[in-house]
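Peer 1: Heads up: take any position in the sequence shown, counting from 1, add 1, and you land on the numbering used here. The C-beta atom is built at its ideal place from N, Cα and C for all residues, glycine as well. First, the structure itself, so that you have it in front of you.
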Amino acid sequence: MLNIALFGPPGAGKGTQSRQLVDRFNLCYISTGDLLRKELAADSELGKQAKDIIASGNLVSDEIIVQILEKTITENPHANGFLFDGFPRTTIQAYILEGLMIKLNSELDCLINLEIPDEESVRRLLERGKTSGRSDDNETVIRNRLKEYHDKTLPVLDFYAQKGVRFDVDGSGSIEDVQHEVSRIAASQYTKRPVSIVVFGYPGSGRGSQAQALAKKFGLELVATGKMLEAEMDAGTEMGKQISTLYENGELVPDEIVIPLIEKKIVDSEDARGFIFKGFPRTLVQSYILDGLLMKHGASISKILEIEVPMLQLMERLAKRSRTETCMPYDTSTEKIVRRLQDHETKTIPVIEKYEQQHGVLKIDGTGNFDDVFEACAQEVQRLFQVGNLK
Ligand code: AMP
């Protein structure tokens with residue numbers, strides 16, 4: 002995800018610069034001004050409440066802003082990120098944005114501050130007023146909007162300076178020059194944050210081999226809990242012995258064992274381009290743990306894939322595997338296999354359903370051969386690293 006706020010006085014060029022950023026990074030555009038004008042045009046209850054305030058150039062209440070933002074954000078669960086134009090406009094709204102980001106399990110990556118002198122702002126808005134049809138593009142209201150900006154909005158800059166995500170850009174240059182600088186900042190923030198991909202699928206769906214191949218192709222760290230547990234068993238540690246017993250009974254290994262191993266992996270790979278999780282989270286509890294772990298390490302879930310294979314085919318694949326050398330201790334009998342499939346059904350499917358609501362889950366047809374399934378998965382992962390060209 003890439004979340005950006007474009008900041009600056011009225012007329013600084015936020016709308017113009019937004020267009021290219023939205024295209025280049027495939028973001029969901031949220032202009033609180035545009036959203037309010039839509040409510041006005043629809044003569045909705047919110048529109049009626051905001052109408053006179055907007056016409057006078059004052060700021061509308063936070064209650065109204067939260068309602069329109071919440072609606073737009075929840076309508077776009079699959080967004081690659083959000084671009085906020087005209088929000089946050091007060092320090093209170095900066096806190097509101099923090100709360101919204103937590104809900105998305107994400108953070109604001111940068112606040113880009115377009116600076117122009119007041120007189121340039123007035124000149125540009127009067128020019129725009131000739132064609133915009135906006136009731137607030139006249140000199141008296143423009144001056145009041147600038148006053149609101151100085152009194153209430155400018156202090157927001159300190160909030161983001163303290164967070165280390167404030168970037169100032171001289172907005173009085175040509176559109177192209179500003180565009181170049183704004184885009185450079187966004188791209189640098191985009192590549193800074195590690196991506197995290199979760200791969201789901203029933204046992205036998207090929208999730209393990211696909212996750213491994215994806216990690217290799219994209220230079221991601223594979224966090225495969227099964228493999229990490231096996232390493233403990235191979236090392237013959239006390240923990241390894243406990244795990245062996247649980248494995249032989251086809252039971253899940255408790256979180257007290259799994260979580261420290263995952264955290265160690267994340268810490269040891271702090272410089273990684275990102276992570277790909279396989280076999281975790283397996284339960285709703287683990288999904289909350291993963292959110293917490295990622296947040297602690299400045300990351301969040303970027304994409305979720307689910308490899309789908311019909312039950313009959315899964316049973317065939319697992320039965321076949323139990324007769325080969327790659328047979329796992331938990332695959333040695335039909336009873337164990339059925340237990341694992343049931344575990345997935347009862348414990349992991351609710352996690353996928355939760356993610357479906359929260360972030361969206363990309364379903365991949367896993368019935369084809371390895372290469373075809375890999376191609377479909379890789380295409381989805383590739384999108385995370387794609388940055389379009391400047392128009
Ligand atoms: P804009 O299109 O961003 O220039 O916004 C036009 C008008 O909408 C502003 O002068 C405010 O009255 C109102 N408005 C837009 N965004 C906000 C916000 N985040 N908080 C309060 N009022 C806003």
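1. Using alpha carbons as the reference points, say which of VAL170, VAL142, LEU112, ALA187 lies closest to LYS164.
2. So what does SER32 bridge to, in DSSP terms?
3. Going by the CB atoms, is the gap between HIS345 and TYR203 shorter than 7 Å?
4. Please name the residue or residues paired with ASP171 in a DSSP beta bridge.
5. So, under 8 Å CB-CB, LYS355 and LEU285 are touching, yes? Tell me the CB distance rounded to an integer number of Å.
6. Below 6 Å CB to CB, which residues in the same chain sit around TYR161 once its five sequence neighbours on both sides are set aside?
7. Within 10 angstroms of its Cβ, does ASP110 collect 16 or more other Cβ (buried), or is it exposed?
8. Roughly how many angstroms lie between the CA atoms of LEU391 and GLY207, to the nearest whole one?
9. How about VAL199: is its C-beta nearer than 7 Å to some C-beta of chain B?
10. Closer than 6 Å: is that where the CB of ILE66 sits relative to any heavy atom of the ligand AMP?
11. Short of 7 Å in beta carbon distance, which residues of its chain neighbour LEU126, apart from the five on each side in sequence? Order them along the chain.
12. Residue ranges of each alpha helix (DSSP H) run of no fewer than 4 residues wholly in the segment 37-96, ordered along the chain?
13. To which residues does DSSP link LEU306 through a beta bridge?
14. Would you mind sorting ILE103 into buried or exposed? The rule is 16 or more other CB atoms within 10 Å of its CB.
15. Which term fits GLU386, buried or exposed, when burial requires 16 or more other beta carbons within 10 angstroms of its beta carbon?
16. Closest by CA to GLU271, which one among GLU239, GLU222, ILE305, VAL254?
17. Tell me whether the beta-carbon of LEU115 lies closer than 7 Å to the beta-carbon of GLY34.
18. Going by other Cβ atoms of all chains shown within 10 Å of its Cβ, with 16 needed for buried, is LYS15 buried or exposed?
19. The ligand AMP heavy atoms versus the CB of GLY34: any closer than 6 Å?
20. So PHE201 and ILE353 are in contact, right, with Cβ under 8 Å, and what is the actual spacing, rounded?
21. Identify whether LYS392 lies in helix, strand or coil by the three-state DSSP scheme.
22. If you drop the 5 nearest sequence neighbours on each side, which residues of the same chain put their C-beta closer than 7 Å to that of ASP373?
23. Determine the closest residue to GLU376 out of ALA232, THR192, LEU155, ALA214, with distance taken between C-alpha atoms.
24. Can you check the segment 136-185 for any alpha helix (DSSP H) of at least 4 residues that lies completely inside it and give the ranges in chain order?
25. Select from ASP235, TYR289, LYS321, ASN4 the residue whose C-alpha is nearest the C-alpha of ILE74.
26. Which of the three DSSP states is assigned to GLY293 in this structure?
27. Run the CB neighbour count on ASN370, radius 10 Å, all protein chains shown included, and call it buried at 16 or more, exposed below.
28. Where does the unbroken beta strand (DSSP E) through PHE276 begin, and where does it stop?
29. Give me the Cβ distance between LEU22 and LEU84, rounded to the nearest whole Å; I'm assuming they're in contact under 8 Å.
30. Counting only the same chain and skipping the five closest in sequence on each side, list residues whose C-beta sits under 7 Å from that of ALA212.
31. Just tell me which of ILE97, ARG283, GLN343 has its CA closest to the CA of MET312.
32. So, helix, strand or coil for GLU336, using DSSP?
33. DSSP on GLU222, reduced to helix/strand/coil?
34. How many angstroms separate the CA atom of VAL339 from the CA atom of THR333?
Peer 2: Straight from the coordinates:
1. Cα-wise, what sits closest to LYS164 is LEU112.
2. In the DSSP assignment, SER32 forms a beta bridge with ASP86.
3. Yes, they are a contact pair.
4. According to DSSP, ASP171 bridges with GLU116.
5. Contact holds; Cβ gap of about 7 Å.
6. Taking C-beta separations shorter than 6 Å and ignoring five residues to either side along the sequence, the partners of TYR161 in its chain run LEU112, ARG167, following chain order.
7. Within 10 angstroms of the beta-carbon of ASP110 lie 16 or more other beta-carbons, which makes it buried.
8. Interpretation of LEU391 is limited by its pLDDT of 48, a score under 50 that renders its predicted location unreliable; no figure is taken from the coordinates.
9. Absence of chain B from the displayed structure is noted, only one protein chain being present.
10. The answer is yes for ILE66.
11. Excluding positions up to five away in sequence, the list reads PRO11, GLY12, ASP138, ILE143.
12. Runs found: 46-57, 63-75.
13. Bridge partners of LEU306: VAL200, LEU363.
14. Result: exposed.
15. A quick correction: the sequence has Phe, not Glu, at residue 386. By the Cβ-count criterion, PHE386 is exposed, with fewer than 16 other Cβ atoms from all chains shown falling within 10 Å of its own Cβ.
16. Of the listed residues, the one whose Cα sits closest to GLU271 is GLU222.
17. No; because the gap between Cβ atoms is not below 7 Å, this pair is not in contact.
18. Buried, because 16 or more other Cβ atoms sit within 10 Å of the Cβ of LYS15.
19. Yes.
20. Going by Cβ atoms, the distance from PHE201 to ILE353 rounds to 5 Å, so yes, they are a contact pair.
21. Because LYS392 sits at a pLDDT of 44, beneath the cut-off of 50, its placement in the model cannot be relied upon, and the following sentence gives the value as read from the coordinates. The answer is coil: DSSP assigns LYS392 none of H, G, I, E or B.
22. Nothing listed; no residue qualifies.
23. GLU376 has its Cα closest to that of ALA214, out of ALA232, THR192, LEU155, ALA214.
24. Here the runs fully enclosed are 140-149, 157-164.
25. Checked all of ASP235, TYR289, LYS321, ASN4; the closest Cα to ILE74 is ASN4.
26. GLY293 falls in the helix class under three-state DSSP.
27. By the neighbour-count rule (16 or more Cβ atoms within 10 Å), ASN370 is not buried but exposed.
28. From DSSP, the beta strand (DSSP E) with PHE276 extends over 275-279.
29. That belief holds up - the Cβ atoms of LEU22 and LEU84 are roughly 6 Å apart, short of 8 Å.
30. Same-chain partners within the cutoff: VAL200, LEU223, ALA225, ILE277, LYS279.
31. Cα-wise, what sits closest to MET312 is GLN343.
32. Three-state result, GLU336: helix.
33. Here GLU222 carries a strand assignment [DSSP, helix/strand/coil].
34. VAL339 and THR333: Cα-Cα distance of roughly 11 Å.
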